[in-house]
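Reviewing the structure listed below.
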Amino acid sequence: MGKLLYSAAMSLDGFIAGPGGDMQWVTEFFGPNPEIDRLVADIGSLLVGRRTYGGDDPYRGTEAEGKAFGGAWEGPQFVLTHRPAEPAPDVTFVDDLRHGVELAKAAAGEKYVNVLGATVARACLDAGLLDEILVSILPVLLGDGVRLFERPGGDPVRLERKSQTEAPLATNLWLRVVR
Numbered sequence: 016m017g018k019l020l021y022s023a024a025m026s027l028d029g030f031i032a033g034p035g036g037d038m039q040w041v042t043e044f045f046g047p048n049p050e051i052d053r054l055v056a057d058i059g060s061l062l063v064g065r066r067t068y069g070g071d072d073p074y075r076g077t078e079a080e081g082k083a084f085g086g087a088w089e090g091p092q093f094v095l096t097h098r099p100a101e102p103a104p105d106v107t108f109v110d111d112l113r114h115g116v117e118l119a120k121a122a123a124g125e126k127y128v129n130v131l132g133a134t135v136a137r138a139c140l141d142a143g144l145l146d147e148i149l150v151s152i153l154p155v156l157l158g159d160g161v162r163l164f165e166r167p168g169g170d171p172v173r174l175e176r177k178s179q180t181e182a183p184l185a186t187n188l189w190l191r192v193v194r
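Okay, structure coming up:
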């Protein structure tokens, strides 16, 4: 089975979304990123938090609105929630983390299950299910918003660097969770 990967674009001060979940800040940093382009081909399914699924879309107002990775990826999505939304093609709503991970891994096969959403990523990390983290660090300080990981009182988690690459508008840091 594939691995669980949390990928996110992040401001230098640690935020993946601005205040109120605003994702429009990231649009000025869209551009070539070979690391992310290669990753998209290796994703077999998405494990998404409900707020991320129904939240602000950085592609709002474009033809890519509502499409994962701006339309570069299509496939099965598993949304963790106790509040299912309207049915959508390739979207399964599930209310149990471990069951959602099992479904997403089965759908992904040998490819990655890409985790989207800080709360789901933290839950996967706390449950010992998260394998890797890929962060595209963008040259901006947001000052407030949704943090990459918010774990007050949490134990330290050791990470091992797999790679570090540069793109024109980002520094990509790929890490493995050490167990």
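Take any residue in the sequence shown, note its place counting from 1, add 15, and you have its number in my numbering. Glycine included, every Cβ here is placed at the ideal spot set by N, Cα and C.
Here phenylalanine 45 is exposed. Its C-beta has fewer than 16 other C-beta atoms within 10 Å. Residue burial annotation: alanine 138 is buried, with at least 16 other C-beta atoms found within 10 angstroms of its C-beta.
Membership of valine 109 in the beta strand (DSSP E) is indicated by the continuous run 106 to 109. Glycine 115 has its alpha-carbon roughly 20 Å from the corresponding atom of alanine 23. Per the coordinates, the alpha-carbon of leucine 112 lies some 11 Å from the alpha-carbon of threonine 134. The region 92 to 166 is shown to contain whole alpha helix (DSSP H) runs of 4 or more residues at 112 to 123, 133 to 141, in chain order.
Taking 8 Å as the upper bound for CB-CB distance, lysine 126 and glycine 85 are not in contact here, some 19 Å apart.
Note on geometry: alpha-carbon atoms of glycine 132 and aspartate 146 lie some 15 Å from one another. Looking at the backbone, the Cα of aspartate 105 and that of alanine 123 are separated by about 13 Å. A straight-line Cα-Cα distance of about 13 Å links glycine 70 and threonine 96. Minimum Cα-Cα distance from isoleucine 152 among the listed residues Met16, Phe30, Tyr21 corresponds to Phe30. Of the residues assessed, arginine 65 falls on the buried side of the cut-off, its CB having 16 or more other CB atoms within 10 angstroms.
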